[in-house]
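**Q**
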Amino acid sequence: SSSSSSHETEQIETSNEKEGETTTTTTINNDNEIPDYNDMPIDELKQLMSDYGLKPASKKQMVTKLQLIHQQLKHEKTVEAEEETMQDKRSTSNTESNKRNRTATTKQKKK
């Protein structure tokens with residue numbers, strides 16, 4: 369793909385000395401971009417399927433499933449981040465609320 373796309377990919381080659389094989393792993397640097405599964409070699413798609421505990425299928429089926437998985441995982445990360453933000457806001461307001469309550473209780477005891 370020679371078009372100027374907004375995401376960058378990095379090819380990493382690793383050698384397995386025991387079997388004399390070289391594997392290429394595509395790393396996506398931008399989490400929001402869906403990897404171009406259509407351009408990946410079948411062996412890499414099979415490995416990704418295996419990583420998710422799925423059996424290999426036709427290339428078209430694997431591409432579809434992997435795209436779906438990527439979207440679901442991206443959505444989960446977004447939801448988790450939002451929940452953490454909400455928890456942080458709640459714990460901050462609870463702390464402030466507890467301080468006010470303790471101050472009010474202390475003043476009542478002094479009377």
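Using the numbering used here, read the sequence shown as starting at 369 and increasing by one per residue. The beta-carbon is built from N, C-alpha and C at its ideal position, and this holds for glycine as well.
1) Out of Thr460, Asn462, Val431, which one is the CA nearest neighbour of proline 403?
2) Which of the three DSSP states is assigned to methionine 454 in this structure?
3) Between the alpha carbons of serine 418 and proline 424, how many angstroms are there, rounded?
4) How would you label methionine 454, buried or exposed, when you count the other beta carbons within 10 angstroms and need 16 or more for buried?
5) The alpha helix (DSSP H) spanning aspartate 419 covers which residue range?
6) Would you mind sorting leucine 441 into buried or exposed? The rule is 16 or more other CB atoms within 10 Å of its CB.
**A** On the basis of the data shown:
1) What you label residue 403 is simply residue 35 of the sequence shown in a count that begins at 1. Answer by Cα proximity: Val431.
2) The residue labelled residue 454 in the question sits at position 86 within the sequence shown. Residue state, collapsed to three classes: helix.
3) One-based indexing of the sequence shown puts residue 418 at position 50. One-based indexing of the sequence shown puts residue 424 at position 56. Serine 418 and proline 424: Cα-Cα distance of roughly 7 Å.
4) On the sequence shown, residue 454 is found 86 positions in, with the first residue counted as 1. Burial call: exposed.
5) Counting from one through the sequence shown, the residue named residue 419 turns up at place 51. Unbroken alpha helix (DSSP H) run through aspartate 419: 410 to 419.
6) Locating residue 441 in the sequence shown gives position 73, where the first residue counts as 1. It counts as exposed.
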